[in-house]
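One structure is given here, and the rest of the page talks about it.
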Amino acid sequence: MDKIRHLDGIEVQHVDTSRLRMHLLTAGKEENPTMLFLHGNTSCSTIWEGFMLEMSENYYCVAPDLRGFGKTEDKLIDATEGTQDWIDDLGALIAAMELGPFHLIGHSLGGFICWRMIAEFAGQIRTATLMAPGPPMGFGGIHGAKGIANNEDFSGSGGGIVVSEFVERIEEQDRSESDTMFSPRNTMNRLFWKNGFRAMREEDILSAMFQIHTGPQQYPGDYKKSDYWPGVAPGSYGPVNALSPKYNIALLSQFVEASPKPPLLWIHGTDDRIIAEQSYSDPGYQGRLKLREGWPGQDRYPPQPMISQIEYALEKYKGEGGEVAVRYIDDCGHTPFIEKPQKVFSAMLRHIEGGNKKIK
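Just add 7 to wherever you are in the sequence shown, counting from 1, and you've got our numbering.
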């Protein structure tokens with residue numbers, strides 16, 4: 008496995024918690040206010056490095072490898088509890104590091120975890136910033152702004168929707184560009200950011216993809232056969248199953264009922280191809296594009312409207328007294344803090360400074 012080359016100013020740590028040994032990156036002085044960064048799927052903490060350094064002059068930046076990713080101890084994710092393993096791991100990390108109130112920042116899968124973090128740790132979160140989060144209703148197999156299941160077994164969500172050839176190429180640590188669809192490098196450049204963008208740390212971010220913990224009970228996870236299209240339903244283990252709406256039915260209400268409610272900033276790239284009204288990662292949209300055979304049509308299996316679902320959740324949060332700011336970033340895909348770091352930096356500073364004033 009190729010070693011990730013960390014940027015100057017980034018410190019590598021291992022922290023033994025009451026649940027597992029976590030690998031994490033830090034930047035800045037411990038006496039400064041803490042920022043806790045949660046990475047996305049097929050990634051690890053290294054993706055935050057450049058942005059952590061931007062923030063490190065005034066903040067203590069902490070970015071762990073989540074369970075199932077990077078160099079954190081290899082333990083299974085019980086997907087039937089939704090995000091609970093990640094939540095409990097992070098709670099144990101916060102306790103082990105004796106972190107005080109913190110600013111929470113999550114991207115993609117990490118943003119999805121933030122919905123539950125806000126519910127569980129509301130009193131400790133100064134502000135929350137969610138960048139391209141999965142909607143709190145879950146990922147795959149649902150329709151409408153409220154996230155209604157297409158089928159009773161939540162078919163089209165969970166580990167079975169991940170293409171096996173992509174997983175095989177990750178396990179082979181394939182750095183080639185020989186396959187348009189399933190090469191990890193091409194997948195990253197097609198979906199992580201807007202087409203045409205290339206990240207300065209592309210090789211290290213690719214190495215981070217190869218550090219995901221793979222296996223039948225890890226990534227992508229197990230699955231069940233379904234009588235409904237596309238023929239697979241969620242299993243019980245791994246990160247993709249943990250995203251299934253089947254195991255996150257209560258998540259929206261948990262988020263909306265959080266007390267107190269930390270100020271929340273949602274950042275979204277307008278050219279995001281993963282979190283979108285028509286997501287290239289969603290079986291419903293893949294079916295419409297004829298990328299999955301046998302699509303039963305718009306009436307029976309429409310694309311998941313992820314933006315509408317996030318907007319619905321945030322309106323509910325506001326309706327219960329929460330403060331929400333939204334920043335759409337043009338000409339930007341799924342990873343705004345790498346594609347448009349200065350725009351994200353300025354939006355976050357305005358948001359965070361407002362949150363700091365309220366806490367004082």
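We put the beta carbon where it would ideally sit given N, CA and C, even for glycine.
All values reported here derive from a predicted model rather than from experimental measurement.
Going by C-alpha positions, ASN65 is about 46 Å away from ALA240. CA-to-CA, the gap between PRO269 and THR187 works out to about 42 Å. According to the DSSP assignment, PRO191 belongs to the alpha helix (DSSP H) that extends over 191-198. The criterion of a C-beta distance shorter than 9 Å is not satisfied by GLY35 and HIS114.
Taken in chain order, the whole alpha helix (DSSP H) runs of length 4 or more contained in the stretch 65-145 are 91-103, 116-127.
Remark: fewer than three beta-carbon pairs, one from each stretch, lie closer than 8 Å, so the stretch 266-283 and the stretch 94-108 are not flagged as touching. The secondary-structure analysis by DSSP pairs ASP23 across a beta bridge with ARG28. Going by beta carbons, GLY151 and PRO237 fall outside the 9 Å limit. Boundaries for ARG12: no beta strand (DSSP E) harbours it, and the DSSP string shows neither H nor E there. With distances taken between CA atoms, PHE204 lies nearest to GLY340 out of HIS13, GLY340, ILE314.
The beta-carbon distance between SER25 and ALA99, rounded to whole angstroms, is 5 Å. This is short enough to meet the 8 Å contact definition.
Of the residues PHE199, LEU272, SER190, the one whose Cα lies closest to the Cα of GLU322 is LEU272. For LEU43, the three-state secondary structure derived from DSSP is strand.
In its chain, beyond the 5 residues on either side, GLN285, SER286, PRO310 have a beta carbon closer than 6 Å to the beta carbon of TYR292. The Cβ atoms of ILE177 and ILE212 do not sit closer than 9 Å to each other.
Counting other Cβ atoms within 10 Å of its Cβ, GLY245 reaches 16 or more and is therefore classed as buried. Boundaries of the beta strand (DSSP E) harbouring PRO241: 239-241, taken from the DSSP string. Taking the C-beta atoms as reference points, LEU43 is found nearer than 9 Å to ILE101.
Secondary structure of TRP302 (DSSP, three-state): coil.
LYS10 places its beta carbon 9 Å or farther from that of SER260. Annotated three-state conformation of ILE281 is coil, per DSSP. For LEU73, the closest C-alpha among the options HIS21, GLY57, MET59, PRO40 is that of HIS21. With fewer than 16 neighbouring CB atoms inside 10 Å of its own CB, SER183 falls in the exposed class. Between GLY57 and the set ILE336, LEU32, LYS78, GLY148, the nearest pair of CA atoms involves LEU32. Taking 8 Å as the upper bound for CB-CB distance, LEU250 and GLY141 are in contact here, some 6 Å apart. Within its own chain, the residues whose Cβ lies closer than 6 Å to the Cβ of TRP55, once the five positions on either side in sequence are excluded, are PHE44, ALA70, listed in chain order. Ranked by Cα distance from PHE119, the options GLY145, MET207, THR87, ASN39 are led by GLY145. For ALA152, the secondary structure class from DSSP, reduced to helix, strand or coil, is coil. The three-state secondary structure of TRP236, taken from DSSP, is coil. In this structure TYR335 is exposed. Its beta-carbon is surrounded by fewer than 16 other beta-carbon atoms within 10 angstroms. Inclusion of LYS231 and GLY148 in the CB contact set at 9 Å is not warranted, their separation being larger than that value. Under the criterion of beta carbons closer than 8 Å, PHE199 and THR342 qualify as touching, at roughly 5 Å.
Here DSSP, grouped into helix, strand and coil, assigns TYR244 to strand.
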